[in-house]
Structure formats: structure tokens, C-alpha cells
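Report on one structure; see the data block that follows.
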Amino acid sequence: MAKIKLSEKKIEELKDVCKSFNNDKAELINVLHKAQGLFGYLPAELQEVIARELNISVAHVYGVVTFYSFFTMLPKGEYPISICLGTACYVRGAEKVLEEFKRVLKIQVGETTPDGKFSLSCLRCVGACGLAPVVLVGEKVYGRVSPEGVKDIIAEYSN
Amino acid sequence: MKSAYHRLYKIFTITHIMEKIKSLSDLKMLQESLSAKINLREKINNSDALIQVKVAMATCGIASGAREVMEVFIEEFTKRNIDAVVTQTGCMGYCYAEPTVEITMPGVEPITFGYVDIKKASKIIDKYILNNELVDGIIPVNYETIDVQ
Amino acid sequence: MEMVKLTIDGKPVEVEKDTTILKAARIIGIDIPTLCYFQLKDLDIENRPGGCRICVVEVSGRRNLAPACCTNVTQGMVVNTHSIRVLNARRTVLELILSDHPAECLTCAKSGNCELQTMAQQLGVREIPFQGEQSKYRKDTSPAIIRDVDKCIMCRRCEMMCNDVQTVGALSAVNRGFMAVVATAFEMNLEKSPCTYCGQCVSVCPTGALTEVDHSRNVINALADPAKTVVVQTAPAVRAALGEEFGLAPGALVTGKMVAALRRLGFNYVFDTDFAADLTIMEEGSELLDRLTRYLKGDKEVKLPILTSCCPGWVNFFEHNFPDLMDVPSTAKSPQQMFGPIAKEYFGKKLGIDRKNMIVVSIMPCLAKKYECQRDEFKVNGDPDVNFSLSTRELAHLIKLANIDFNSLPDEDFDNPLGASTGAAVIFGNTGGVIEAACRTAYELYTGKKLEKVEFNELRGLENIRHATLDFNGLPINIGIAHGLGNARKLLEDVQAGKSQFHAIEIMACPGGCIGGGGQPFHHGDSDVIKKRAAALYREDDGKPIRKSHENPFIIELYKEFLGKPLSEKSHHLLHTHYFDKSAGTFVEE
Amino acid sequence: MGKIKYHILVCVGTACQTAKSEEILKNFKELIKVKGLETEVQAIQTGCFGFCENGPIVKMMPDNTFYTKVTPEDCSEIIDEHIINGKKVDRLLYVSPETKESIGDSRHKGFHKKQIRIALRNCGFINPENIDEYIARYGYQALGKVLTELTPEATIEIIKKSGLRGRGGGGFPTGLKWEITRAVTSDKKYVVCNADEGDPGAFMDRSVLEGDPHTVLEAMAINGYCTGADQGVIYIRAEYPLAVERLKIAMKQAREYGLLGKDILGTGFNFDIEIRYGAGAFVCGEETALIHSMEGLRGEPTVKPPFPSESGFFGKPTNVNNVETYANIPPIIMKGSDWFSAIGTEKSKGTKVFALAGKINNVGLIEVPMGITLREVIYEIGGGIRNGRKFKAAQTGGPSGGMLTEKHLDTPIDYDNLIAAGSMMGSGGMIVMDEDDCMVGMAKFYLEFTVEESCGKCSPCRIGNKRLFETLEKITQGHAIAEDLDKLRNLSNVIKDTSLCGLGQTSPNPVLSSMDNFYHEYLEHVHNKKCRAGNCKSLMQYLIIAENCIGCTLCARNCPVDAIAGERKQAHLIDQEKCIKCGACMEKCKFNAIFIN
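Line by line, the protein sequences give chains A, B, C and D.
In this text, residue positions in the first sequence follow my numbering: the first is 730, and each later residue adds one.
In this text, residue positions in the second sequence follow my numbering: the first is 7, and each later residue adds one.
In this text, residue positions in the third sequence follow my numbering: the first is 32, and each later residue adds one.
In this text, residue positions in the fourth sequence follow my numbering: the first is 3, and each later residue adds one.
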């Protein structure tokens, strides 16, 4: 694992997050949510700081981080693309949309394009089943996406 | 986009000072005065009633552009000096036809329009609100809602 | 107590309310197979995640099968432990576990001692009908412990030991679903984790996922090298457990056979760590008295309690977790590390053997000793004071390898001078033993009176945390004892908070002390084994002609000839150490 | 106000369309023109009214007259009588099946609608960010009623008598659950709202929270009063930011009104609520896993007993209910248990919200009385199958459920019937599949989900589901042998029988139910290496019909893997080894020369 140094300022920010939850270990998941909101992802050193502040083992923090699919230890692309693979989207062809994204971006799920622009992930149901298949770019929701529409979505962010 | 949304919050959330409700009878009194106010504004047979526009703003709706549609209604009403109340509401259940908007003209049963984009919102104002002429995409309300009382 | 009547396999049984089906069945001799379930009854240790699902049984009226280990009996319950449905389910579950387990039994360190292997034999699995992806993880070799996570079956015993019992927190269940295993944070090397190498994870692992680093090959090579003088030292707890590896009953004392076996293996000198234990008492006891006297005189710089420091797992633990208390433990090295310099600098010099040509091997009930002996501060120009540390289990393998029929060996005596020891040293292997030994000496040195009754029964036992007040001629001395690092943590937190009333605290990392060490023969969850080993050591002490460390004639001679007196400059140089703050994280430096 | 006086609404839903509703619309438009009524009357098409068995439907506005079984020939009569003469055409009016009375106005009480909104009563009606609108709809009066007029025991009795069962999936009687928690003595108790909607394809909880957050707060407070808890916790998916936002607003407003907090409505009852977030783990829908997650741990379930009612959140007695269950509580308190228990079937009372999705026209959220049939849901509310395809199956209960098929179309939907049919109620996802969906593929899809969502704690679920998935994959790839089908069944049964929690105990259901209902598809995959739905890529071949191919090279140029070879103006050939079955060639071919085998 690459050693990334967090700046003093960031560490202080993180400690403040922990403090806002009274450094209560039962609030670990809430702390992780806030931390991921702040940093975009949860690298090892971040987890180490959290562990120390909440007085729990780093292994425990890591165990929790790796349990929940919402948490990620890898930085996402500038435009994170998520394809909904919920049942409604699946039966309306989400898999083909995913294949097309993989093909066009030449990356697999969980990867980021070499230029750091796009990353690809899957998620389970955003609850917009009426718009299936659904694709998210960042927080923007694209509904009724067809494989043919994939290129247009990517083009929107390519410049 | 976000700032506009927050502006909407301000317009359509509670403006009066909230005081603690001290008993069940206080609650019942508040209920009566509130529903009287709402009735005044909505009552079908009240010709002084306002035009009421409800935009379904659940995740589905917002993802399909309900926020923008709501803004169009507000802007157009302001621009054209139309007295109307625009509010957000939850999911009406017609996910296939999002964004959906329910319009209550004074004296008329509410009508729900589906597939309302920015263009269609203007069209609804021009045709239905100003001219009582319907536009395509009407969704019949096919459910019965219970009254809690 | 409310009693519950039920029927298991047609046999009626009446048990106390809140008893599990598993325990109720065992009462009437029905042994339901278990895999993840683990218990050390007398130590209050239990692992019961209900995860492996091997112990499932059929309960009439219940929709699905019930895990016997965590289903309580109910009035009138009818249980079938081996119906066709149960047997099919149990076997299928085992086949599933095996389908994600490398078929490396031939070369696996755990082969023959593996609970999964035993289970496969017991259930008669002849083929694995499911093929598919297998988990692939990197093998991690630390100075003491090897993690081969591919062999992890998620029984969670190690996780329970590492977190609930030891509060070390090096291991945790990580990932989810098929990828779930017990591992370190970020799946980094154990060496970078807060692991203390106490080895309790290894001692409970049912498979070969956690094993010790095997140094027996290094020892064989040393023995085969004619240029080397190979000296061996054996820790007290080894003699009380080694026999188990050769089919002897737990608690059999095999000191004499062990010495004979070591001699046959070719060690030039068979010495005893007990000698070094007596030496430890001299140093540590003197330090205690010194601190105590100064404290009583009102010296503000002296801190009490003094904590024992002969357990390397414990030393690692406070270096990681209590860096602010590093001046509290005694500076005395552990017996293993006291033995090293005495062997090389005193005994070796006396014989004219250069330290480079002397190999010191230790036989330990412990895995942390493997790490300890290679710490930099215990080396002279790169040459470690103790070259290799073997576990009790490794010694057993070595003996078997050399075709030695252990059980028919004659009893032999240790070599002198470093083989002579007292009863005080022998009980070092038990929780409470070190402090008892120290008190025997401290009492006489402090009061100047002869201690009539050497046994301090109030210091013995298996309770997690014990305390006793001893009468040092009118001066009440408060003693605290903790075994298991979780218990140690509690005492330490009191010290940290300034709440501790103790003058001296003994801490051993492993439950039961060294007799329950991570390098001992596997007890497979039978706490009786640990109790019997403890009793054996007290028996050995009982039979010793000399039972106080300061009366060991060879110790007296050593001081006279070489060290001068306890806490002398030479002692400080050879027998005392210092500690390091290891609390800093792996990734964040502060 | 405009000049148009009459609107004629013609249903063009699938069912009505097949009964010539388009022609009806056309006739109306022509008649309006002919009779010179364009400035006064407008005919317009509309969506499905949910009365398909009485279609085609025509509705007159503004008087709400509802004409059923209208034919194109009836148009002139309607124009003449209704519009010109102002008289309703009696013979076309809807006749109530119960009272046999003709009903002219669609707002009439006897006008039976397929859907009844209880849990969703305020969704799409009130502004969820304004507590006043909730109060105007009698919000918090149920809480006021129990606090001032009822004892906890009496309140529990009402819930028990109503017959309300947990809407999260298991269907445990809600009143009984409350009673059990109440019976445990403890210095601290909790009530929890499970809003970790994990079933992919179900979103009713999200809709309730987004559309009517106060109902959940009110019901939790009632629950607190009944069980003796003063603290509520809402465990909600972090993927629902809007719901969280609205809950927070609602909680703030409720506190300002003193409807949460100390001494609620002057009764001395204290109750407040906090929010904890899920982080993407389906298994956290299971109570014990949910509680671990709330405690900041891995969301692994533990063996029950002990149940959360004895030892839950931080070891204290905890009552967990899901969002939809809570949404039913205030109406039951206000309207009484008899009102509620009159709706539904013998053992399943009230309504159930379903998220209708998949190959259906009206994807959406519906709330129907228990006992409604699948046929009614699909054809009368859902507007039928998309693109006029044939119904094949509906999956209820999500990854824990099973497939309902044609033979179940007329089975009344309730907890027990669904279980008998090899499925379950679950949280209420209902995914409709048509003949283009491969049932083996669907089972594989669900298993893939379970494999990903299994917590990994117990071996049958951790490894067993993986092996199930791998076997299904083998089948869809055409590599399976007959023996694999037996293994599949045995393994499924063992996983059900031995898994620790509900996730594993139900995860093989999609396999078992698809095997029960569509075994022939399994056999076809295994023996004939054929997928009738054409979904299983490995069993497909793209082939070029030599006679039709003119050698334009368009397909070859568009093939992403260069699998197509051929000279210009000569028939091309697809290299099956290279082909990734993306279908690009078939799309590009202008001469119908490429087909799927």
C-alpha cells in the first residue's frame, strides 16, 4: 500500500469529525460516512486516525470498511459512474449498459480510467426503478439509458 | 441548481413561529385552523381559491427533472402574475411517468399530468391553466386514499 | 435452578435451563461434532458464533436445522442429532468448507493436528463434489507467526482470542461474503500490526491458517555443524506439556526424558531456563525492593507498582498500547534473554568459546520468544544472544524426526552450571508463579527473616485478575496478578488513571501463564489440560530441595565470580533492557 | 378561465387500446369537429384507470361521469346526450358489483378502486417538509389519542386486533412484537425503524420517508409509549439522501412543536429519535445484523434467541419495525382495528405496497388490499406487459422470494399464499418478467446478488451460495451435466436448512422456485444447450445468411473484436471463437442477413 501522508490540517479536520460524535466507537459508521464525504475515500492512514480517536483497533475499522459496499478505499474518478444493477434495471437491460461502459471506457468495475476522469462501479437500486435502467454520474441520475446512449453520456463529460 | 432548490425550501416551508403544542386539544385546534386555511385555498367550489400545483419530488421525480419543472412553474407564475400555490410533495406512485404534476384549478377536480418536462410545463400553463384545454399525458388517479379521521 | 426435560436421540435427559443442546447431549455421551465452537471453561473463554453450521441437529417442530452449540434446550424438546437430513446437511456443509480449502494436507504444518482434517475423516468425506473459485490470499510470515489465510474457515476463534481475550486487536474479520476472512488491517503483514506474538491465535486455530514459524531446520543445521557449540535452554512450562505430544496424560512431568532427548539430539550442553529464572528473581526482586524502599522513604521519583517483564508478549503489548507507562515495568530481561548473555559472555568465555561459535537454542512454550530473541537490542554485533527459539511443539517434532522413542528414555539431569535451578524458578510457568518466586526472595531479603512457608496459595489459581496482600513483617505488600492481556489492560488502565493500589503486578500474556502459551501442544479447548500442567509445575516445585532463587548455589557463585551483585553495572549491561514506543501507526506519523 | 367546458378523457391503456379505444378517440374528435364544438369540448387520451375489465373507459370532465365498455359506435350518443342534452347515458354507467347500482360519479364511495392508500395516504398529497400539512390531515392525533386516552396495553391490543403484520418481509404480528418488548423489564429500551431497504427493486420505504416522514415519527413515538422506550433510532440507507434530509426537517419541526422531546403534549411522555446510517449491506435488513451495524460493527447477524426484544441495541430490549409497518399505525389508532381488519384476507390484514417494476407498462408504486390477485395487479393496475409481450413470471420477495407464474395469476396475494407458492411477501418488490427473460438467468442474477451480499459469517451461505451461483453459471454457459441439477437442488435445500439468518435461509428460493416452475428451461440449457429466451450469451450464435449478405462490409467494420471476415461484395462469415456476442453487427446490417441461432 502506498504511503500517503495526510496533511496536519486534514488530520485535524478528521479529529473534529470524530469529536463531533464524542469519539464514541458506536458511531464508527457515521464517522466513516463523514470522513468519506470529506476525503472522497477512506485510505489506510485515515482509518488509522479514526481508530486512534475512537480507541478501537485499526483492524476493526478496516473490518467495518470492507464490510459495507458504500465505503471505498480507492479514490474515484473525477466523474464516478455507477450503474444500477437492481432487479428492475437488470430486467430492463442494465447489464448491456454496463458492458458498453466497460467497452467504451476500457476499464473494469472498480477501476478508474488512466486519466483519472471516470471510474466505474455498480450499485443496487437507487429506488428510481421507474426510470430503469439507471446510471449515475456523480449525483446526476440518467434514466432509461440504452447501450447506444452510453457514448453520449461519456461525451458530456469528456471535455 | 442547489441554490434554487434551497430557495424553494424557504418559500414553501413553515414561516410562522412554531410554539410547543401543549395538549391534545391544542393539537386538535391547530388541526382545525390549518385545514380551514388549506380548504380555503383548495376548496373545489370556492371561486376565490387559488390554483394549486403540486410537483412530485421524490427521488424518481427529481432524477427526472422535477426540480427544474417546479422552477418553471414558479417563474412563469411570477412573470405572468398568476396567483397560484406551488408546492412539492412526495411520490404519487407513477414512476413510469415522472415527473408528475398535479394541478387543481378552482372548482375542478385535480388533474395529474405525467411526463412533464420544462416544455410541457409551459404548455400546461398556456393550455390548461389559462385556457382549460387539456394536454396529453393525463394520468387518471386510480387509487383511493383513506381519510385518517 | 429450573430444570428442563428433553429427549436427544431417544434418550431422555434433564438439564438446567439455559443449557445448550450441545452440552445437554454431551452429558449423556452424545458427541455432536463442532468446528467453530470453542471453549476454555475454567478460563471463561468461549467462542460461539454459530458460524460453521457443522453442529446442526434436527429439532421436532422446527422448520430448519438448529445449531446445537447455540440453541438452548426447551421443555419437551425432541432432538435428533444424526437423522438422514442432519447427516446430509452436515456433510454437505463440510464439503462446502473443503471446497474453499486448499488440499495441501500432505505438507501442511497442521496436518495430524488439524480439526478440519479430523472432521473430514469423522464424517467420511471421500470427495469434494463442489468445484469452484477458491480464496487466494498472500501468505504472511512474521518473526513468529505465519498466516496462511487461504486456510481460514472463518471460525473466528483467533479473532475472539485476539480481541475479546487479549484486546490486542491485530486481527479482525474483513471483507464480506465469499471473500470474508480473518486478517489484519489492510491485510498488511502481522509484523506491521499491533500483534504481540502471544500466539493465542495459533493455539486455537483449528486449521493451518495460523501456525508458528518453524526454526527446527536452523537448529538441525547448527547441530550438524562441528564448528558450533550448541547450547539449549528449556523453559519451565515445557516439561509439563511435552509429554502430551507423545501420548502421555496432560500434567505428566517429563523433565528427565526431555533432557535425555535433547542430549540425544546432539546438543552440547543441556541447560535450563529455570537457572535464568532464578537470576531474574535476583534482579527483578532487587529492583522491586529498591523501588519499594525508596518509595517508602518518600522518594517522589520512584514509581510503583513495579510490573514484571519476563513475558515478551506482554512487553510487546505495553510497547504498543501503554507507551506512557514504559518506566513502570521492571527493566529486567526475560529469563530467555538473561540466559543468552550468561551463556555466551560468561559460560562461553569460561570455556574459551567465541560467541560466534556458540549457538544458543531455547525451547519455549511461547511464540513471542521467537520475536524476542531477534530484537536488535538483544544482539551483539549482529549476533543474537539467543539464536533460535523453538516451541514445545517444534521440539516434539524434532524428537520424532530423530527417531527417538521418547517414552522409553531414561530420566537425565541438566548440565551444570546453567542447569541448576530452584523450585521458585519452576513455577515461573504458571500465572502467579513469577510473583510468588519473587516474594519468596524479597521477603527474606527485606525482612531478613527466614520464610517458613514458601507457598503463597493466595497468589495461585486461574481467576482472571487476582490480588493479595502479603505481610512483610508488618508491611502490607499489595500484589496484583493478571493473565491474558485483556486482564492486563484492565490493571494497566488503573495504573494509568493513578487508581492502582498495588506495589507489584505480575502479568503474563497467555491465559494460565506460560503453561497455556502459544507454543504448547494444542489443548483443543480442554481447560483441564491447562489446569493439569499448572499442577505439575507446583508438584515439581514441591519436590525441589531448594525453593528460593537466592539460595541457588550456582546463582550465588555467578554473582561472586562474574556479576558482583544484583543491579550491578555488569548486571545492568547484561541482564537489563529498555523499551520502545511502538504505538505510532503504520501509516500516520505524529 | 378558458372556454372549454367539457373534456372527454379516453383511456388508451393497453387493455382499452386492444378494445378499440383509439378508434373511439378518433370518433370523438371527428364528431366534435362535425358538430362545431371545438371551442367548448376537447377529447383527449389518458392513461390506464385500472378498470381494464370494464374497458374501454371514457371519463367526462368536469362532472366525473365514468362510462364503461364504450364502443366506437357509442360516441355520437355520448356527444348528443351528455354534452348537448346534459343527460347521462345510463346504459354505459359503471354498475357497482356489490350494490348493482349505477354510479355516475367516479368520486362516489361505491366506486371501488383496486388501490387503497393507507401507508401512502399522504404521499403525493402533502408537502413532506411542512408539518402543518401533516397536522391538517390529522397528523399526530393518533399519538395524542394514545397518550391521553389509552394505556399502552390498550394500544397494543388495538394493534394486535387489527391483524397488522410486519411489512419488512417476515410478516410477524406487529402487536405481539410490541407486547413482547413491553414485557421485558429494563432501565432502557429502544424502538428502531428499519429503513435499510435493501431489496433491489423495492422502494416503498424510501417513498414513505420522502413523502410522509411524520407518519414514521408519530408511529415510533406510539411504539415507544407502548413498549416503554424513550429513544427511537432510524436506521436508514445512506443511499437515500433525500429521505434523510426530509426526516431531519421533520424531526426538527416535530421537536419545535413539542411532538418529540420531553413532556409530549403535556402528558409527561418523553421520546426522541436519532438517525443512524447504513452503508450498503443487504444483510442489515435482518434485525440482529441491523443492530450490530447501529453499534458501529460489521453487520453480521447472530443466532436468535436472544431476540432483540430481550437483548438488542447496546444489549437493551429493542423493538424493530420497518417503515411501511409504522406508516400503518396512525390510521389504525385513529380508525380502529375493525376498520383495518375488514381489509385484506383472513390472516393478512390491510394493504401492501408493491414496487411494480420490470416488463410492465405502469412501473410504479401501488398500494393494494391483501388478497388482490396477481392478474389484477399486472393487467388492471400495471397496465399489462410492455410491448404486448407475454407474461412469464413475477418475482416477489426480491432475492429471498420466488417466481409466481401464470398458474398463480388468480391466487389471492397474501403472506401465506405466497409462501405456499414458493415465494414470499418480502418487502414488496414485484418484478414482472416476460418471455424474453431466461429463468435460469434470473436465478443466476439473484444468486449473484446474494453472493455479493452474504455477510460471510456462516459457511453454507458464504460458500454454498457461491457454489450455487457457479453451478448456475455453468448451466447458462452450456457446460453443465444432468448431475449438476441434482446437486443444485440438494445444495439449495441444505443452504435453506442450515444457514444462520434469513438471508441464507431464503437465498436459494429463486433457484428452487425457478426449478419448480421452469424445469424444462433448465433441461433445455443442460441437454440441448439452448436458451429459449435468448438471454444466455454463451448459448447464442450470431450467424450470417449467405444469400442475404451483399458484402457491404459494414458489419465487419463495426465489429469491436474483428470477428467478421469477408471480401467486399462477397458473403461474410463470423468467427464464433472471437465473437463476443455484442450484437453490433446485427444492428448495423441493413439487409437482415444476420440472425441469432
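Positions of the beta carbon are idealized from the N, C-alpha and C atoms, including for glycine.
Here the structure is a predicted model, which means the values were calculated and not measured.
Residue i to residue j, Cα distance in whole Å?
i, j, result
"I497(D)", "I374(D)", "32 Å"
"Y819(A)", "R388(D)", "15 Å"
"T841(A)", "Y808(A)", "10 Å"
"D309(C)", "A451(C)", "9 Å"
"G515(C)", "V199(C)", "10 Å"
"R167(D)", "G384(D)", "25 Å"
"E297(D)", "G282(D)", "15 Å"
"A363(C)", "E314(C)", "6 Å"
"G622(C)", "E332(C)", "Residue coverage of chain C in this structure runs from 32 to 621, which leaves residue 622(C) outside it and unanswerable."
"L771(A)", "M802(A)", "5 Å"
"A579(D)", "I598(D)", "This sequence places Glu at residue 579(D); Ala is not what is there. Taking the straight line joining both Cα atoms gives about 15 Å."
"V261(C)", "L440(C)", "21 Å"
"V154(B)", "Y140(D)", "7 Å"
"G443(D)", "G504(D)", "23 Å"
"Q106(C)", "K54(C)", "15 Å"
"C232(C)", "C189(C)", "4 Å"
"L202(C)", "N220(C)", "11 Å"
"I882(A)", "K125(B)", "22 Å"
"G360(D)", "K394(D)", "12 Å"
Let me see if you follow: with CB-CB separation under 8 Å, is residue i close to chain D or not?
i, result
"S70(B)", "no"
"L757(A)", "yes"
"K575(C)", "no"
"C83(C)", "yes"
"M24(B)", "yes"
So with Cβ pairs under 8 Å, would you call residue i a contact of chain A?
i, result
"A374(C)", "no"
"F437(C)", "no"
"K361(D)", "yes"
"P202(D)", "yes"
With a 10 Å radius around its C-beta and 16 neighbouring C-beta atoms as the bar for buried, classify residue i as buried or exposed.
i, result
"D340(D)", "exposed"
"G460(C)", "buried"
"S130(C)", "buried"
"G845(A)", "exposed"
"L33(B)", "buried"
"S749(A)", "exposed"
"A422(D)", "exposed"
"S39(B)", "exposed"
Compare the C-beta of residue i against all C-beta atoms of chain C and say whether one is closer than 8 Å.
i, result
"P175(D)", "no"
"V528(D)", "no"
Is any heavy atom in the ligand HEM found nearer than 7 Å to the beta carbon of residue i?
i, result
"I6(D)", "Absence of the ligand HEM from the depicted structure is noted, as is the absence of any ligand whatsoever, leaving it without description."
Assuming residue i contacts residue j under a Cβ cut-off of 8 Å, what Cβ separation, rounded to an integer in Å, is found between them?
i, j, result
"I836(A)", "L849(A)", "6 Å"
I'd like to know whether the C-beta of residue i is nearer than 8 Å to at least one C-beta of chain B.
i, result
"M3(D)", "A caution first: M3(D) carries a pLDDT of 42, below 50, which makes its placement in the model unreliable, though a value can still be read off. With 8 Å as the cut-off, M3(D) counts as an interface residue toward chain B."
**Message:** Against chain A, which members of the segment 105-127 of chain B pass a CB distance test of less than 8 Å?
**Reply:** none
**Prompt:** When you check each C-beta in the segment 459-471 of chain C against every C-beta of chain D, which residues fall closer than 9 Å?
**Reply:** none
**Asked** At a Cβ cut of 7 Å, what residues of the segment 258-287 of chain D count as close to chain C, listed as they run along the chain?
**Response** Listed by position, the residues of the segment 258-287 of chain D near chain C (Cβ gap below 7 Å) amount to none.
**Request:** Identify each residue in the segment 794-806 of chain A for which the Cβ-Cβ distance to at least one residue of chain D is less than 7 Å, and report them in chain order.
**Result:** F796, Y797, S798, F799 and F800
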